[in-house]
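Peer 1: Please read through the structure below; I'll follow up with questions.
There are 2 protein chains.
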Amino acid sequence: MATVAFIGLGVMGLPMAGHLQAAGHSLRLHSRRKGRAAKLLSRPNTQWTDSPADAASGAEMIFICVPDTPDVEQVIAGKQGVIESAAAGSIVIDHSTIAPSATKELGDRLGRNNVWFLDAPVSGGEVGAREGTLSIMCGGDRSAFDRAEPTLRAMGKEITYCGPSGTGQLTKLVNQILVSVTTLGVSEALIFAKKNGLNLDTTMRAVNGGAGSSWQLQRLGPKMISADNRPGFTVDLQQKDLRLVLDASDGSNTSLPATSLVHQLFTAAQAAGHGKDGTQALFTVLEKLASTH
Amino acid sequence: MATVAFIGLGVMGLPMAGHLQAAGHSLRLHSRRKGRAAKLLSRPNTQWTDSPADAASGAEMIFICVPDTPDVEQVIAGKQGVIESAAAGSIVIDHSTIAPSATKELGDRLGRNNVWFLDAPVSGGEVGAREGTLSIMCGGDRSAFDRAEPTLRAMGKEITYCGPSGTGQLTKLVNQILVSVTTLGVSEALIFAKKNGLNLDTTMRAVNGGAGSSWQLQRLGPKMISADNRPGFTVDLQQKDLRLVLDASDGSNTSLPATSLVHQLFTAAQAAGHGKDGTQALFTVLEKLASTH
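Top to bottom, those sequences are chains A and B. Note that numbering that gives the first Met the number 0 has the first sequence beginning at 0, numbered continuously upward. Note that numbering that gives the first Met the number 0 has the second sequence beginning at 0, numbered continuously upward.
Below, the structure is given as structure tokens:
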């Protein structure tokens, strides 16, 4: 088994690093808060490091899972960044969802040091990270992907090589368009049902399984009906991803009217204090629009 | 087995009537064009009739499957309409998708003659009608539904009692909101993928099965990729249904921003000559918006 670094132990990164540990890899960990690592550090072959550069030192693969584009830039190319110590031939694997354009730049910079870079954003949320059933969408050099793939299998069920650097990120953004527009459709369907006096459980049963069915209907529909806004995936994170989508669509002359609309409605959700709620809060926003008081 | 009438032998009605025939019922048929009935008429216990009133005469149940609200009104309450001859205690079952408000009125009129009326719109398209796997969403009197249900089983797999008169239609409209907004999401996701140079088959494989998955992605995604606009369900029919949705949302003070948007984009599809194409033609419309020529 290899020595690998894992940088970023948030709700996604922590369980993902745990799967690498369970698979027998030696871990070099770094995160903003050391406390997050306590449980992992209590097990053998696992070491805390004081910076991304320290984590990357001597690692064959360097995994990163942080919130946004500037965070990844900081971890790789900032002070005491990964680029200062990553060995020639090592592979940096970025699980964060960030701008495809930034991915390409970082890949170029690492490449000048003969360090490989794969973009490998994930889908499946906290549950998928915990259960090791994430979808992982990879872009970058094919031979680097082939080397990394057996290790990625510890964390994901569906691992797809999408093409050159940035295509993993672009594929993740395709996923976020699907997710967010479908969620809006589910919200509108259920608010229409509610305002027209239908029994919502009966309605769900009647439309589920047919041409209107979707993962979002099955998972978020019941939460909308019971006004449970606890997050699977938060409005704030979805908004970050939709900004990446809309930036990339600007850059490619692509018109995305429904994606723009859902971005605006999520802004209304944030304005109403639902930023930390789950994306099903769209239903709450539409309910307010439909209120006659 | 009962004597039943079937009025309207279009792409949906013809195979549905065929299932009733196969189940052993005696059929009294009527449609705008007698030619449609030829095959059914070649089998025993099946009779052509010259008007809706003639078809309904002596039938325990009278099935209707015609395109739009005025057609149903004509069949039931027009010249030589069903109402002239339907026996007290018989049940009129309307499989058409029409305005919920019209449904309630027709139910009231038939009720004054002690004739039951069920709204029973279907989902599942031509394939579902042929294979007898339709979803049937029923509104109306519960005891009438209980009497009709065993007969409906010949045509549908998922048969749901939704509540009082009109709730079957409203539930079908919920389904159409889901279907159409999801189709728009799939169109935007795939045009984004295409314009950003992703391999579309790989992209489908990466996002299918995850949080972005849906019936529409699975069925229409491949058709969009291969530019196959042959209809499962036509843009013109979807537009008719979306008009019913938006009328009902006006009447209930419900704001449906994405549903309104998809209605407008389908109007653009119709303007570009895609009215008789399948709803996946939305992708073609977005592709044109994203064209740099």
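For each residue, glycine too, the CB sits at the ideal point set by N, CA and C. Every value quoted in this text rests on a predicted model; they were computed, and no experiment measured them.
When the cut-off is 7 Å and only beta carbons count, does methionine 15 of chain B lie next to chain A?
Peer 2: Start at 1 with the first residue of the second sequence, and residue 15 of chain B comes out as number 16. By this cut-off, methionine 15 of chain B is not an interface position.
Peer 1: Less than 8 Å between the CB atoms is what I'm expecting for leucine 264 of chain A and valine 244 of chain A, so what's the real figure, rounded?
Peer 2: By one-based count along the first sequence, residue 264 of chain A stands at place 265. By one-based count along the first sequence, residue 244 of chain A stands at place 245. Incorrect: roughly 15 Å between the Cβ atoms, too far for contact.
Peer 1: Closest to proline 99 of chain B by CA distance: which of B:Thr233, B:Gly231, B:Arg152 and B:Phe116 is it?
Peer 2: Residue mapping note: residue 99 of chain B aligns to position 100 of the second sequence, counting from 1. Closest by alpha carbon: B:Phe116.
Peer 1: How should methionine 15 of chain B be labelled, buried or exposed, when 16 other C-beta atoms within 10 angstroms of its C-beta is the threshold for buried?
Peer 2: Start at 1 with the first residue of the second sequence, and residue 15 of chain B comes out as number 16. Classification of methionine 15 of chain B: buried, given that the 10 Å Cβ count is 16 or more.
Peer 1: Cβ of proline 51 of chain A within 7 Å of Cβ of glycine 7 of chain A?
Peer 2: On the first sequence, residue 51 of chain A is found 52 positions in, with the first residue counted as 1. On the first sequence, residue 7 of chain A is found 8 positions in, with the first residue counted as 1. Going by C-beta atoms, proline 51 of chain A is not nearer than 7 Å to glycine 7 of chain A.
Peer 1: Using the beta-carbon of each residue, which ones in chain B are nearer than 8 Å to cysteine 161 of chain A?
Peer 2: Here residue 161 of chain A is taken as the residue at index 162 of the first sequence, counted from 1. Near cysteine 161 of chain A (Cβ distances below 8 Å), the residues of chain B are Leu197, Asn198, Thr201, Thr202 and Ala205.
Peer 1: Report the neighbours of glutamate 148 of chain A on chain B: residues whose CB is nearer than 8 Å to its CB, in chain order.
Peer 2: Along the first sequence, one-based indexing puts residue 148 of chain A at 149. Chain B residues near glutamate 148 of chain A: none, gap ~14 Å exceeds 8 Å.
Peer 1: Using beta-carbon positions only, say whether alanine 289 of chain A and threonine 170 of chain B come within less than 7 Å of one another.
Peer 2: In the first sequence, residue 289 of chain A corresponds to position 290, counting from 1. In the second sequence, residue 170 of chain B corresponds to position 171, counting from 1. Not a contact, by the Cβ cut-off of 7 Å.
Peer 1: Please state whether DSSP places lysine 156 of chain B in a helix, a strand or coil.
Peer 2: Along the second sequence, one-based indexing puts residue 156 of chain B at 157. Of the three classes helix, strand and coil, the one that applies to lysine 156 of chain B here is strand, per DSSP.
Peer 1: So for serine 311 of chain B, helix, strand or coil by DSSP?
Peer 2: What is shown of chain B runs 0 to 292, which leaves residue 311 of chain B out entirely.
Peer 1: Just grab the DSSP bridge partners of glycine 277 of chain A for me.
Peer 2: Residue mapping note: residue 277 of chain A aligns to position 278 of the first sequence, counting from 1. Looking at the DSSP assignment, glycine 277 of chain A forms a beta bridge with A:Thr233.
Peer 1: Given this structure, state the Cα-to-Cα distance separating leucine 255 of chain A from valine 261 of chain A, to the nearest angstrom.
Peer 2: Reading the first sequence from its first residue, position 256 is the one you call residue 255 of chain A. Reading the first sequence from its first residue, position 262 is the one you call residue 261 of chain A. Each residue's Cα considered, the two are about 10 Å apart.
Peer 1: Taking just the CA atoms, how far does methionine 154 of chain A sit from serine 25 of chain A?
Peer 2: Taking the first residue of the first sequence as position 1, residue 25 of chain A is located at position 26. Taking the first residue of the first sequence as position 1, residue 154 of chain A is located at position 155. When the Cα atoms are used, serine 25 of chain A and methionine 154 of chain A turn out to be separated by approximately 15 Å.
Peer 1: Using a Cβ cut-off of 7 Å (strictly closer), state whether asparagine 174 of chain A contacts chain B.
Peer 2: Taking the first sequence and counting its residues from 1, one reaches residue 174 of chain A at position 175. Yes, contact with chain B.
Peer 1: Less than 7 Å between the C-beta atoms of alanine 192 of chain A and threonine 202 of chain A, yes or no?
Peer 2: As a working note, residue 192 of chain A is residue 193 in the first sequence. As a working note, residue 202 of chain A is residue 203 in the first sequence. Yes, these two residues count as a Cβ contact at 7 Å.
Peer 1: Which of the three DSSP states, helix, strand or coil, is assigned to leucine 285 of chain B?
Peer 2: Within the second sequence, the letter at position 286 stands for residue 285 of chain B. Correct three-state label for leucine 285 of chain B: helix.
Peer 1: What residue from A:Gly127, A:Leu133, A:Gly167 and A:Gly131 has the CA that sits closest to arginine 141 of chain A's CA?
Peer 2: Taking the first sequence and counting its residues from 1, one reaches residue 141 of chain A at position 142. Arginine 141 of chain A has its Cα closest to that of A:Gly167, out of A:Gly127, A:Leu133, A:Gly167 and A:Gly131.
Peer 1: Going by DSSP in three states, glutamine 20 of chain B sits in which element: helix, strand or coil?
Peer 2: In the second sequence, residue 20 of chain B corresponds to position 21, counting from 1. Of the three classes helix, strand and coil, the one that applies to glutamine 20 of chain B here is helix, per DSSP.
Peer 1: Just checking lysine 38 of chain A against the ligand SAM - is the residue's beta carbon closer than 6 Å to any of the ligand's heavy atoms?
Peer 2: Inclusion of the ligand SAM in the displayed structure is not the case, the ligand content being empty and no account of it being possible.
Peer 1: Quick one: using the 10 Å Cβ neighbour count with 16 as the cut-off for buried, is valine 3 of chain A buried or exposed?
Peer 2: Reading the first sequence from its first residue, position 4 is the one you call residue 3 of chain A. By the neighbour-count rule (16 or more Cβ atoms within 10 Å), valine 3 of chain A is buried.
Peer 1: What's the C-alpha gap between glycine 12 of chain A and phenylalanine 232 of chain A?
Peer 2: As a first step, residue 12 of chain A must be located in the first sequence, where it is residue number 13. As a first step, residue 232 of chain A must be located in the first sequence, where it is residue number 233. Rounded to the nearest angstrom, the two C-alpha atoms are 15 Å apart.
Peer 1: Along chain B, in chain order, which residues have C-beta atoms closer than 9 Å to that of phenylalanine 282 of chain A?
Peer 2: For the purposes of this step, residue 282 of chain A is taken as the residue at position 283 of the first sequence. Near phenylalanine 282 of chain A there are no residues of chain B at all, since even the closest Cβ is about 12 Å away, more than 9 Å.
Peer 1: Using Cβ-Cβ distances below 9 Å, what residues of the stretch 247–258 of chain B are close to chain A?
Peer 2: Ala247, Ser248, Gly250, Ser251, Asn252, Thr253, Ser254, Leu255, Pro256, Ala257 and Thr258
Peer 1: Is the beta carbon of glutamate 130 of chain B closer than 7 Å to that of valine 359 of chain B?
Peer 2: A question about residue 359 of chain B goes unanswered here, because the residues of chain B that appear run from 0 up to 292.
Peer 1: Give me the subset of the stretch 174–191 of chain B whose CB atoms are less than 8 Å from a CB atom of chain A, sorted by chain position.
Peer 2: Asn174, Gln175, Ile176, Leu177, Val178, Ser179, Val180, Thr181, Leu183, Gly184, Val185, Glu187, Ala188, Leu189, Ile190 and Phe191
Peer 1: Under 8 Å Cβ-Cβ, which residues of chain A neighbour lysine 194 of chain B?
Peer 2: Here residue 194 of chain B refers to the residue found at position 195 when the second sequence is read from its first residue. Correct list: Ser248, Ser251, Asn252 and Thr253.
Peer 1: Distance check for isoleucine 75 of chain B and isoleucine 82 of chain B, CA to CA, integer angstroms please.
Peer 2: Sequence index remark: in the second sequence, residue 82 of chain B carries index 83 (1-based). Sequence index remark: in the second sequence, residue 75 of chain B carries index 76 (1-based). The straight-line gap from Cα to Cα measures roughly 6 Å.
Peer 1: Can you list, in chain order, the residues of the stretch 24–48 of chain A whose Cβ is nearer than 9 Å to any Cβ on chain B?
Peer 2: none
Peer 1: I'd like to know if the stretch 174–181 of chain B and the stretch 155–164 of chain B are in contact, where contact means that at least 3 CB-CB pairs between them fall below 8 Å.
Peer 2: no
Peer 1: When DSSP labels each residue in this structure, what does valine 65 of chain B get in the three-state scheme?
Peer 2: For this step, residue 65 of chain B is matched to residue 66 along the second sequence. DSSP places valine 65 of chain B in coil when its eight states are reduced to three.
Peer 1: If you compare alpha carbons, which of A:Gln237, A:Cys161, A:Thr253 and A:Gly106 is closest to valine 71 of chain A?
Peer 2: For the purposes of this step, residue 71 of chain A is identified with residue 72 of the first sequence, where counting begins at 1. When each option's Cα is compared against that of valine 71 of chain A, the closest is A:Gly106.
Peer 1: Just confirm the distance between the C-beta atoms of leucine 189 of chain A and methionine 223 of chain A, as a whole number of angstroms; I'd bet it's less than 8 Å.
Peer 2: The sequence position of residue 189 of chain A within the first sequence is 190, counting from 1. The sequence position of residue 223 of chain A within the first sequence is 224, counting from 1. At roughly 5 Å, the Cβ-Cβ gap stays under 8 Å, so leucine 189 of chain A and methionine 223 of chain A are in contact.
Peer 1: Please go through the same chain and pick out, in chain order, the residues whose beta-carbon is closer than 6 Å to the beta-carbon of threonine 159 of chain A, but skip the five residues on each side of it.
Peer 2: Along the first sequence, read from residue 1 onward, the residue named residue 159 of chain A stands at position 160. Contacts found: Met136.
Peer 1: Taking threonine 166 of chain A as the query, report the chain B residues whose CB atoms sit under 7 Å from its CB, ordered along the chain.
Peer 2: In the first sequence, counting from the first residue as 1, residue 166 of chain A sits at position 167. Neighbours of threonine 166 of chain A on chain B, chain order: Leu197.
Peer 1: Report the rounded CA-to-CA distance for alanine 270 of chain B versus proline 69 of chain B, giving the unit in angstroms.
Peer 2: Residue mapping note: residue 270 of chain B aligns to position 271 of the second sequence, counting from 1. Residue mapping note: residue 69 of chain B aligns to position 70 of the second sequence, counting from 1. Taking the straight line joining both Cα atoms gives about 24 Å.
Peer 1: So, helix, strand or coil for aspartate 227 of chain B, using DSSP?
Peer 2: The sequence position of residue 227 of chain B within the second sequence is 228, counting from 1. Looking at aspartate 227 of chain B - three-state DSSP - the assignment turns out to be coil, as it is neither helix nor strand.
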